[in-house]
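Residue numbers (our numbering): 578 to 861.
Ideal placement from N, C-alpha and C gives every residue a C-beta, glycine not left out.
Given the structure is predicted, the values throughout are model-derived calculations rather than measurements.
Beneath this line is the structure, given in structure tokens, with notes to follow.
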Amino acid sequence: MNKKIRVARLSIISNSMLIILKIIAGLASGSVSIISEAIHSFMDLLASFVAFFSVRISDTPADERHPYGHGKFENISGVVEALLIFVAAFWIIYEAVKKITHPAEVEKIGLGFAVMIVSAVVNIFVSSRLFRVARETDSVALEADALHLKTDVYTSFGVATGLLLMWITGIHLVDPIIAIFVALLILKESYELFSKAYAPLLDLALPAAEVAQISDIIQHHCTSEMSFHDLRSRKAGNFKYIDFHLILDPEKTVREAHAICDRIEEDIKKAFDPAEVTIHVENF
């Protein structure tokens with residue numbers, strides 16, 4: 578099974594278990610911060626499903642209807658995930674404000690504290706796995722899912738700290754304040770994820786450092802009688818698309834020109850796999 582699919586499935590399983598634990602602890606204690614974490618985990622679960630299906634679709638080979646492949650499904654999933662997180666954050670703020678205006682005591686603080694610590698530890702493990710596979714495969718969808726869980730680690734520790742402070746001080750107003758803090762972190766995550774996932778849908782160029790590296794590879798193959806121009810790049814999912822015009826000596830045969838293009842293309846693909854390279858040959 579594809580490693581991207583395996584790790585996406587792991588995220589679904591872990592999120593499902595944590596949602597159940599957080600709902601039980603939240604309802605038993607009446608803590609809005611724990612319930613906010615349950616909502617956050619539910620959004621993470623939806624995001625995990627989106628990531629799971631998007632990586633399956635994005636790895637589908639190009640076909641007649643999608644000649645450039647299906648890579649942008651990962652970017653679309655990232656945008657959807659960002660919007661889900663955005664909605665969850667405002668729901669948490671709404672519930673927290675209600676708790677501030679209509680205060681109530683939090684019960685069974687020890688249970689909630691234990692669940693938050695377990696949640697943080699589980700998500701440290703799962704998010705690290707997701708980040709590692711995301712880097713190996715350059716998967717936007719998996720990186721988005723990993724970012725969700727990384728934020729969940731921070732918010733779980735934050736809620737656990739708030740519950741501990743409540744137990745020590747007896748001040749139950751800490752609970753909704755921590756919930757609002759969680760929501761603000763989630764909003765920040767939503768904005769960063771949306772920006773990263775949406776940009777490739779506009780066919781933005783690859784990062785300047787990568788473009789410079791591609792340019793260096795091409796230049797390495799250029800003799801004094803060769804040059805290139807109109808280097809363009811874009812990204813869809815984990816696929817990079819690169820094209821440029823290569824100017825050759827008109828005395829070069831078609832076979833020689835083809836061999837030069839093959840060598841350049843091979844070197845670019847070694848550095849940026851998976852990539853599709855299109856070279857337009859011109860004579861000066």
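With DSSP run on the structure shown, which of helix, strand or coil describes Ala-782?
Counted from its first residue, the sequence shown places residue 782 at position 205. Correct three-state label for Ala-782: coil.
Exposed unless 16 or more other CB atoms sit within 10 angstroms - verdict on Asp-621:
In the sequence shown, counting from the first residue as 1, residue 621 sits at position 44. Residue environment analysis places Asp-621 among the buried positions, since at least 16 neighbouring C-beta atoms fall within 10 angstroms of its C-beta.
Grab me the residues of Ile-582's own chain with a C-beta within less than 8 Å of its C-beta, minus the 5 sequence neighbours each way, in chain order.
The residue you call residue 582 lines up with position 5 of the sequence shown. Here the set comprises Phe-629, Val-632, Arg-633.
With C-beta atoms as the reference, is Ile-669 less than 8 Å away from Ile-616?
Start at 1 with the first residue of the sequence shown, and residue 669 comes out as number 92. Start at 1 with the first residue of the sequence shown, and residue 616 comes out as number 39. Against a cut-off of 8 Å, the Cβ pair of Ile-616 and Ile-669 comes out as a contact.
In its own chain, which residues sit with a C-beta less than 7 Å from the C-beta of Phe-626, not counting the 5 before and 5 after it?
Locating residue 626 in the sequence shown gives position 49, where the first residue counts as 1. Counting only Cβ-Cβ distances below 7 Å, and skipping sequence neighbours, we find Ile-589.
Pairwise C-alpha distance: Ala-852 and Thr-678:
If you number the sequence shown from 1, residue 678 lands on position 101. If you number the sequence shown from 1, residue 852 lands on position 275. Roughly 55 Å separates the two Cα atoms.
May I ask you to report which of helix, strand or coil DSSP gives Phe-849?
Translated into the one-based positions of the sequence shown, residue 849 becomes position 272. Reduced to three states, the DSSP call for Phe-849 is coil.
Does the beta-carbon of Val-730 have 16 or more other beta-carbons within 10 angstroms, so that it is buried, or is it exposed?
Start at 1 with the first residue of the sequence shown, and residue 730 comes out as number 153. Counting the other CB atoms within 10 Å of its CB gives Val-730 a total of 16 or more, which places it among the buried residues.
May I ask you to report which of helix, strand or coil DSSP gives Arg-709?
Sequence index remark: in the sequence shown, residue 709 carries index 132 (1-based). Secondary structure at Arg-709: helix, using DSSP grouped into helix, strand and coil.
When the distance is taken between beta carbons, is Leu-726 closer than 8 Å to Glu-766?
Taking the first residue of the sequence shown as 1, we reach residue 766 at position 189. Taking the first residue of the sequence shown as 1, we reach residue 726 at position 149. The answer is no: Cβ separation not under 8 Å.
Alpha carbon to alpha carbon, what distance is there between Arg-811 and Asn-700?
Translated into positions along the sequence shown, residue 700 becomes position 123. Translated into positions along the sequence shown, residue 811 becomes position 234. Each residue's Cα considered, the two are about 32 Å apart.
If I measure Cβ to Cβ from Tyr-818 and keep anything under 6 Å in the same chain, skipping five residues before and after, which residues do I get?
Locating residue 818 in the sequence shown gives position 241, where the first residue counts as 1. The answer, listed in chain order, is Arg-811, Glu-853.
Please classify Asn-860: does DSSP put it in a helix, a strand, or coil?
Reading the sequence shown from its first residue, position 283 is the one you call residue 860. Strand.
Which full runs of the beta strand (DSSP E) of 3+ residues lie inside the stretch 588-640, going along the chain?
Complete beta strand (DSSP E) runs here, min 3: none at all.
Val-698 by DSSP, collapsed to three states: which one?
Translated into the one-based positions of the sequence shown, residue 698 becomes position 121. It is helical.
Rounded to a whole number of angstroms, what is the C-alpha to C-alpha distance between Leu-623 and Pro-753?
If you number the sequence shown from 1, residue 623 lands on position 46. If you number the sequence shown from 1, residue 753 lands on position 176. Computed Cα separation, rounded: 24 Å.
Cα-Cα, which of Ser-696, Gly-603, Phe-758 is closest to Ser-591?
As a first step, residue 591 must be located in the sequence shown, where it is residue number 14. Of the candidates Ser-696, Gly-603, Phe-758, Ser-696 places its Cα closest to the Cα of Ser-591.
Among Leu-778, Arg-809, Val-584, whose alpha-carbon lies nearest the alpha-carbon of Val-788?
Along the sequence shown, read from residue 1 onward, the residue named residue 788 stands at position 211. Of the listed residues, the one whose Cα sits closest to Val-788 is Arg-809.
Identify which residue in Ala-659, Ala-760, Val-858, Ile-824 has its Cα closest to the Cα of Asp-722.
Along the sequence shown, one-based indexing puts residue 722 at 145. If we check each option's Cα against that of Asp-722, Ala-659 comes out closest.
Among Phe-758, Thr-714, Leu-707, Glu-684, whose alpha-carbon lies nearest the alpha-carbon of Trp-614?
Indexing the sequence shown from 1 puts residue 614 at position 37. The sequence shown places Glu at residue 614, not Trp. Taking only the C-alpha atoms, the option nearest Glu-614 is Phe-758.
Look at the alpha carbon of Ser-704 and the alpha carbon of Ala-782, and state the distance between them as a whole number of angstroms.
The sequence position of residue 704 within the sequence shown is 127, counting from 1. The sequence position of residue 782 within the sequence shown is 205, counting from 1. Near 28 Å, if we compare the C-alpha coordinates of Ala-782 and Ser-704.
How would you write the range of the beta strand (DSSP E) that Leu-750 sits in, first residue to last?
By 1-based counting over the sequence shown, the position of residue 750 is 173. Boundaries cannot be given for Leu-750, as no beta strand (DSSP E) includes it and DSSP labels it neither H nor E.
Rounded C-alpha distance that separates Lys-685 from Ile-611
Translated into the one-based positions of the sequence shown, residue 685 becomes position 108. Translated into the one-based positions of the sequence shown, residue 611 becomes position 34. Computed Cα separation, rounded: 12 Å.
In the structure shown, what three-state DSSP assignment does Lys-685 receive?
Position 108 of the sequence shown, counted from the first residue, corresponds to residue 685. Residue state for Lys-685 is assigned as coil, using DSSP reduced to three classes.
Can you have a look at Glu-713 and say buried or exposed, based on whether 16 or more other CB atoms are within 10 angstroms of its CB?
Locating residue 713 in the sequence shown gives position 136, where the first residue counts as 1. In this structure Glu-713 is exposed. Its beta-carbon is surrounded by fewer than 16 other beta-carbon atoms within 10 angstroms.
Return the residue from the list His-857, Ala-673, Glu-828, Pro-827 that minimises the CA-CA distance to Asp-839.
What you label residue 839 is simply residue 262 of the sequence shown in a count that begins at 1. That would be His-857, whose Cα lies nearest to the Cα of Asp-839.
Alpha-carbon to alpha-carbon, Val-717 and Leu-742
Translated into the one-based positions of the sequence shown, residue 742 becomes position 165. Translated into the one-based positions of the sequence shown, residue 717 becomes position 140. Cα to Cα, the separation comes out at about 38 Å.
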